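Chemist:
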Amino acid sequence: MNLYTEQVLKRRRRIIGIITAFFIIMQLLWIFVPVIFAVLWSLVDPDNPWSYPDTFPKVLSLAQWKYVFEYTNILRALATSYSIAPLATLLAFVLSLPTAYAIGRKQFFGKQIVSNLILLPIILPGMVVALFLSRVFSMLGLSQTYIGLVIGHCLMGMPFMLKILITSFASIPQDVIDAAENLGANTWEKIRHVFIPMVLPGLFAGSIFTFITSLEEFNLTFVIGTPTFETVPTILFSFLGYHFIRTNAAVVSLILMIPNIIMLLVAERMMKTDYLSASLGKM
Amino acid sequence: MNREKLNIFLFLLPGAGFILFFLSSAFVLTILQSLGLFALIGESHFTFDHWKMIFEQEFRDSFMFSLKVGIGSSFGTLLFAYPIALFLRKKGFGKKTLGSLIKIPLFIPALVVAFLIVNLISYHGLINSIFMGLGIIDEPIRMLNDQFGWGVLFIQIWKNIPFQLLIISSSLATIRDDLEDAALNLGANKLQVIGRIIIPLSMPGILVAVILVFIMTFGDFAITKVAGPVYPTSMSVRMLTEAMTFQEWNRAAVMGVVIMATALIFVTFYTKIAKILQENAK
Chain A
16 MNLYTEQVLK RRRRIIGIIT AFFIIMQLLW IFVPVIFAVL WSLVDPDNPW
66 SYPDTFPKVL SLAQWKYVFE YTNILRALAT SYSIAPLATL LAFVLSLPTA
116 YAIGRKQFFG KQIVSNLILL PIILPGMVVA LFLSRVFSML GLSQTYIGLV
166 IGHCLMGMPF MLKILITSFA SIPQDVIDAA ENLGANTWEK IRHVFIPMVL
216 PGLFAGSIFT FITSLEEFNL TFVIGTPTFE TVPTILFSFL GYHFIRTNAA
266 VVSLILMIPN IIMLLVAERM MKTDYLSASL GKM
Chain B
-1 MNREKLNIFL FLLPGAGFIL FFLSSAFVLT ILQSLGLFAL IGESHFTFDH
49 WKMIFEQEFR DSFMFSLKVG IGSSFGTLLF AYPIALFLRK KGFGKKTLGS
99 LIKIPLFIPA LVVAFLIVNL ISYHGLINSI FMGLGIIDEP IRMLNDQFGW
149 GVLFIQIWKN IPFQLLIISS SLATIRDDLE DAALNLGANK LQVIGRIIIP
199 LSMPGILVAV ILVFIMTFGD FAITKVAGPV YPTSMSVRML TEAMTFQEWN
249 RAAVMGVVIM ATALIFVTFY TKIAKILQEN AK
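Same order as they appear, the protein sequences are chains A and B. First residue of the first sequence: 16, per the working numbering; consecutive thereafter. First residue of the second sequence: -1, per the working numbering; consecutive thereafter.
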């Protein structure tokens, strides 16, 4: 009997293993085929166009990359994107810290409502929010300004920052704080030796999320920034929408995508808790 | 107000206050402008006139198109995400690798996803080439900028599978194994366990996953603009045209209110149905 069940279990495990392997191969195709095609399109040689019925381009070159960097506004867009993102992240952090502390560690009336309301920027339909925020921004004189973009990007990234920081604050065991108090720690010492070390991983994760949200932000940038400011996503949109130039779009897609993936892989390596599920899973 | 309460209020102000200030003013402004008030340029007076646009043919076409994309993407994604989540629920060799592979599209910006998939489904793209090579079809199928919106659906599903998977997985993780074991011991088969225990208990996760994807895709601008049909356009595309091209902000506001109201109605309606289904399963 025992032997029999063991055999059944073994066979079952093998079947599940085969299904897993099959899924992994399917998944690799599902994800990497589109990415490889984007890479190929970015390497097409202008003198040997890749056209139907060739399955692969005949000659590969870096000419498209050179073209994009020489003749489009990509460098300025990169500078805008990568200067707004850290500023928006910093602002989001400064604004989120007290609120996250209050929601994570204090009991008060309406706590559930507040923790749902702070998710609104990512739950409400993006373009509606963007379009009418642009009206609010123009009343405040923030439309078509750099500060306006920083505030807008901060607003879109803050739900992630808040959510992750709240989880970090809530997960500090009360006894650690009590122990510190019993040992005579004052507020500053408590902050320095208890709160900061325990919130640091969450802060790191929240910052990466906010940073990436800012780099990817399109709707709001398109409405309140165009034509004064161009970021990498709005340039990509112009290549995809108004005048579809596939090779240029391929280059800009890769410029937009590769740093994100690297950052998230690094972040996932460095963090023990699965912050991705912590921030998205329990919405 | 005592001191403790004041303290909490002051702590909430920078974070929650910041978000609420901007979002509620945008929200109120949308509603007021849809009623002809608060026009930044020109005169403002209270009127329902702008709401007459909802009877226009173009408006209806856009609304139906967005509704189709929203429902198609949210449930279409669920069709893939839920079985994968079930499969990944129990630990097994290679499943961790599979899990992280599936997550990758989550890290790819929407516009890039649109571009990646456009390459595959365009007229002379990979999928058409493969099908033609295998002799399944004689002529390429039009999947990009097609009348129905298959291209948009393809992109949305590709992009949203990992998003739904994460939400559903974390709700499946809360189901205790002993419930399943008990049912199996009492003679239930696998399908009954899934239908009677796992699906009802993971309903909150399914709800959130479907609702969030619906709201995102119903109000989508960029992906429909890139891969959607020339006519009808999605609600958001039409709204932006009204506002930016024609400077018809009141009409744009009407569309904004309709988009938000539809999201709200969908949430209420869908939550009710899910609750009824859940009760019946018990």
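A virtual CB, placed ideally from N, CA and C, is assigned to each residue, including glycine. Given the structure is predicted, the values throughout are model-derived calculations rather than measurements.
Using DSSP bridges, identify the partner residues of residue 59 (chain A).
Modeler: Paired residues: A:75.
Chemist: Using C-beta distances below 8 Å, list every residue in its chain close to residue 297 (chain A), excluding the 5 sequence neighbours before and after it, in chain order.
Modeler: Per-residue confidence for residue 297 (chain A) stands at a pLDDT of 44, beneath the threshold of 50, marking its modelled position as unreliable; no derived number is given.
Chemist: Relative to the alpha-carbon of residue 266 (chain B), which residue among B:228, B:206, B:59, B:146 has its alpha-carbon at the smallest distance?
Modeler: Ranking B:228, B:206, B:59, B:146 by Cα distance to residue 266 (chain B) puts B:206 first.
Chemist: With DSSP as the reference, label residue 111 (chain A) as helix, strand or coil.
Modeler: Helix.
Chemist: Does the distance between the C-beta of residue 221 (chain B) and the nearest non-hydrogen atom of the ligand NAD fall short of 8 Å?
Modeler: This structure does not include the ligand NAD; it has no bound ligands of any sort.
Chemist: Would a C-beta distance cut-off of 9 Å place residue 214 (chain A) and residue 180 (chain A) closer than the cut-off?
Modeler: Closer than 9 Å, so yes.
Chemist: Contact between the region 122 to 141 of chain A and the region 188 to 207 of chain A: three or more CB pairs below 8 Å?
Modeler: The region 122 to 141 of chain A vs the region 188 to 207 of chain A: no contact.
Chemist: For chain B, is any of its Cβ atoms less than 9 Å away from the one on residue 213 (chain A)?
Modeler: So, not an interface residue.
Chemist: Could you check what DSSP says for residue 154 (chain B) in three-state terms: helix, strand or coil?
Modeler: Helix, per DSSP.
Chemist: Listed from N- to C-terminal order along the chain, which residues in the region 258 to 279 of chain B have their beta-carbon within a distance smaller than 8 Å of any beta-carbon of chain A?
Modeler: Under the 8 Å Cβ criterion, the region 258 to 279 of chain B contributes 258, 261.
Chemist: At least one CB of chain B closer than 9 Å to the CB of residue 105 (chain A): is that the case?
Modeler: No, because no Cβ of chain B sits closer than 9 Å to the Cβ of residue 105 (chain A).
Chemist: Is residue 114 (chain B) helix, strand or coil by DSSP?
Modeler: The answer is helix: DSSP assigns residue 114 (chain B) an H, G or I state.
Chemist: If you drop the 5 nearest sequence neighbours on each side, which residues of the same chain put their C-beta closer than 7 Å to that of residue 56 (chain A)?
Modeler: Excluding positions up to five away in sequence, the list reads 261, 262, 265.
Chemist: Check whether chain A comes within 9 Å of residue 49 (chain B), counting only Cβ atoms and requiring the distance to be less than that.
Modeler: No, because no Cβ of chain A sits closer than 9 Å to the Cβ of residue 49 (chain B).
Chemist: Of the choices B:214, B:202, B:123, B:5, whose alpha-carbon is the least far from that of residue 136 (chain A)?
Modeler: Ranking the options by Cα distance to residue 136 (chain A), first place goes to B:214.
Chemist: Rounding to the nearest angstrom, what Cα-Cα distance links residue 157 (chain A) and residue 176 (chain A) in this structure?
Modeler: Near 23 Å, if we compare the C-alpha coordinates of residue 176 (chain A) and residue 157 (chain A).
Chemist: Put residue 138 (chain A) into one of helix, strand or coil per three-state DSSP.
Modeler: Helix.
Chemist: Is the beta carbon of residue 261 (chain B) sitting closer than 9 Å to the one on residue 159 (chain B)?
Modeler: Result no, Cβ atoms of residue 261 (chain B) and residue 159 (chain B) do not sit closer than 9 Å.
Chemist: Going residue by residue through the region 101 to 150 of chain B, where are the continuous alpha helix (DSSP H) segments of at least 4 residues, counting only ones entirely within it?
Modeler: Entirely contained in the region 101 to 150 of chain B, the alpha helix (DSSP H) runs reaching 4 residues are, in chain order, 108 to 119, 124 to 131.
Chemist: Exposed or buried, residue 231 (chain B), counting other C-beta atoms within 10 Å across all chains shown (16 or more means buried)?
Modeler: Result: buried.
Chemist: Note down, in chain order, all residues in the region 11 to 32 of chain B with a beta-carbon under 7 Å from any beta-carbon belonging to chain A.
Modeler: Here the close residues are 12, 13, 14, 16, 17, 18, 20, 21, 23, 24, 27, 28.
Chemist: What separation, rounded to the nearest whole angstrom, lies between the Cα atoms of residue 247 (chain B) and residue 236 (chain B)?
Modeler: Approximately 12 Å, taken between the alpha carbons.
Chemist: Under 8 Å by Cβ, that's how I've got residue 172 (chain A) and residue 233 (chain A) pegged, so tell me the actual separation to the nearest angstrom.
Modeler: Not confirmed; about 13 Å, so no contact.
Chemist: Among A:107, A:241, A:146, which has the Cα closest to the Cα of residue 178 (chain A)?
Modeler: Considering only alpha carbons, the answer is A:107.
Chemist: Is it buried or exposed for residue 198 (chain A), if we count other Cβ within 10 angstroms and need 16 for buried?
Modeler: Residue 198 (chain A) should be labelled exposed.
Chemist: Under the three-state reduction of DSSP, which class applies to residue 298 (chain A): helix, strand or coil?
Modeler: Residue placement at residue 298 (chain A) is poorly supported in this model, since its pLDDT is 44, which falls under 50; the coordinates are not used for a value here.
Chemist: Any chance you could list the alpha helix (DSSP H) runs of at least 4 consecutive residues sitting entirely within the region 239 to 292 of chain A, in chain order?
Modeler: You should have 247 to 255, 261 to 285.
Chemist: Taking only beta-carbon atoms, is residue 102 (chain B) less than 9 Å away from chain A?
Modeler: For residue 102 (chain B), the answer is yes, since a Cβ of chain A falls inside 9 Å of its Cβ.
Chemist: Any beta carbon from chain A within less than 9 Å of residue 107 (chain B)'s own beta carbon?
Modeler: Output row for residue 107 (chain B): interface = yes.
Chemist: Rounding to the nearest angstrom, what Cα-Cα distance links residue 76 (chain A) and residue 66 (chain A) in this structure?
Modeler: One C-alpha to the other measures close to 16 Å.
Chemist: Could you check what DSSP says for residue 43 (chain B) in three-state terms: helix, strand or coil?
Modeler: Residue 43 (chain B) falls in the coil class under three-state DSSP.
Chemist: Along chain A, which residues have their Cβ under 9 Å away from the Cβ of residue 237 (chain B)?
Modeler: What residue 237 (chain B) touches in chain A: 142, 143, 146.
Chemist: Would you say residue 175 (chain A) lies against chain B (beta-carbon separation less than 9 Å)?
Modeler: No, because no Cβ of chain B sits closer than 9 Å to the Cβ of residue 175 (chain A).
Chemist: Buried or exposed, going by whether 16 or more other CB atoms sit within 10 Å of the CB of residue 86 (chain A)?
Modeler: Residue 86 (chain A) should be labelled exposed.
Chemist: Could you work out which residue in A:37, A:83, A:42, A:45 is closest to residue 58 (chain A) when comparing CA atoms only?
Modeler: The shortest C-alpha separation from residue 58 (chain A) is found at A:83.
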